[in-house]
Structures are given as C-alpha cells and as structure tokens.
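Have a look at the structure below, then the notes.
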Amino acid sequence: MTNLFSAARELLGGWPALGVLAALYAALLGACYLFMTTREATVWQVLLTALLAVAVPVLLLLLLAGSARTALGETRPLALLAQAAATGWKLFLVSLPLIALALLFVWGTNKLEDRVKPDPEEAARAIQEREAAAAEGGPDAAGARPLPPVRWKYVAVVALKLLLLGVVLPLLAINVWLAVARDGLVGALRRLGSTIARAFAPQSALTYAVGLILFALIPYFLLHTPTRFESNWLELTLFSLRLLLAFAFTLFGWTLTLRALAQSAVLGSNNQAPSSAVAQG
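Residue numbers (the numbering used here): 9 to 289.
Okay, structure coming up:
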C-alpha cells in the first residue's frame, strides 16, 4: 500500500502529464462514440467511419504508451506525446501474442463451460416441480422440497475464466508494456522471463487488486447504480457528475496502478542486483 500512496503523490505532482492522458482518453471515448453512432448513409459518413476505424486503435495505443511513460516518471507534455508515439507501435507488436493468448483463454474456457453448464431443460423442469409443489401443498411443502443442486464445476469454470481474463492476462500485459516502455522492444524480450515472474509476485498482485477497485469497480458502480429524482435537471446534473467521476477514477486509477507496478519493478531489480553481486563474489 505504501507504493500506491507514493505513486499517487508523484502523479499528482506531475499533473501536466495527467492532462495529456486525460485529453487522449477523452479523444478515444469521443472517437468510439462517433464510430458506433455514425451511419454509413453518405460518402462523408463512410469516410468518417473509415477514419475513426483507424483513429480508435491509434488513440488507444497512444493512451497505453503515454500511461506507461507517465508511470515511468515522464511529466513533460510534449516529451510524453513524442515518447508515446515512439512506443505505441512497440506495444502493438508485443500485444499481438497477448491477444492470441486471450483468444485461447476464451476458447478453452468456453469449451469447458459448454461441458459443465447446467441443462436448461433440467433447470426449467426443477422450477416447474417447485411451483407445482407450492400450488398443491402450500408454502411449507414448497420450502421443504430441496433446491436444485449447485453446479460447482460450472462455478469453478466461470471463476477460472474471470481469473484468467480479469487478473492473469491484465497483470502480464501491464508488466510487459512497462518493460517495453522502459527497456525497449529488444531489451524487454531479453528479460521476458523475469518480467513474467515479477508480474505474478504477491506485491504485484496486491497492487493490481487495489488498482482494479479504483479503475474498474468504482466506475462500474458509478455508471450502473440507478438514481431517481423528480427533477430532470437534478438527475441530469447527477448523471453528468457520475460520468465525470467515472472518467477520473478510470484514468487516475489506471495510471496509478501502472506507476505503483513500475516502482515495484524498480525495487525488485535493485534488490536482485546486490544478490547477484554477492553470488558472483
């Protein structure tokens, strides 16, 4: 937790870099919105859709590269943009195997899920039997009838899928991106083994868990928690505030997580260096 507080202070001290990241993030969201809402009815709309199809991944790579460079300590806006442009294509290359790994995870877990998921007909039959028992014998009879068994194999497969796609793959991707931003593409590939080992160290997992709350869970609840007010203006104001808070938590939480993981990587390298020197001596 100490490295998170330290990373937060450093990020807030380098607010110009956060401003650049906020602009990139806003541009990415705007491009995604236009891409999804623009209809291909005229020539200009077709051209705009094609342009947005290129702009969205470019902005995403710039945002990822910029957040990685910010996590490594860059605070100058122009230098950050230049470094993000120079690093973005490298992140694209190292992300291709990660995308393939994600597809493999999805394919494998979907296969397992198909094998162990409950039979819909059996579940519907169990519900009908419980309803019939309640109608014939009253609430006591319905309550005495055993509930359908929990499909623990199905629960385990779903948990495995969430673990792989929500924890294992993001942790690996973040540490690989940081290594590429810090050491370059060739240097990161040479140290890939140590990067993977560091990605799943207890300190990294704990840091990511806290960061996940900030950049994923809190924004999710901010956006999906319903609120009802009689005043339309009040509800619109509150909804706008929730959007703004979700934007801030996502951006700051993500960058904070990368910064804390980058600090952990530096500390780990510094701790390994004396050990190697002692072993050689």
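In this text, a Cβ means the ideal position worked out from N, Cα and C, and glycines have one as well. Predicted, not measured: the structure shown is a model, and the values here were computed from it.
Query	Result
Can you list, in chain order, the residues of its chain whose CB lies under 7 Å from that of R199, leaving out five sequence neighbours each side?	A187 and D191
Contact defined as beta carbons within less than 8 Å: I believe A207 pairs with L180. What is the distance between those atoms, to the nearest angstrom?	5 Å
Quick check: the stretch 249 to 267 against the stretch 226 to 236, are there 3 or more CB pairs under 8 Å?	yes
Could you check how far apart the C-beta atoms of T83 and G22 are, in whole angstroms? I think they sit under 8 Å.	3 Å
Only counting the same chain, and skipping five residues up and downstream in sequence, which positions put a Cβ closer than 7 Å to that of A217?	none
Quick test of the definition: if touching needs 3 or more C-beta pairs under 8 Å, does the stretch 57 to 76 touch the stretch 90 to 109?	yes
Identify whether E82 lies in helix, strand or coil by the three-state DSSP scheme.	coil
What span of residues does the alpha helix (DSSP H) with K125 cover, start to end?	Counting along the chain, K125 falls outside any alpha helix (DSSP H), and DSSP gives it neither H nor E.
Would the beta-carbon of L88 fall within 8 Å of that of A25?	yes
Is G22 helix, strand or coil by DSSP?	coil
For a test of the three-state rule: what should DSSP assign to F223, helix, strand or coil?	helix
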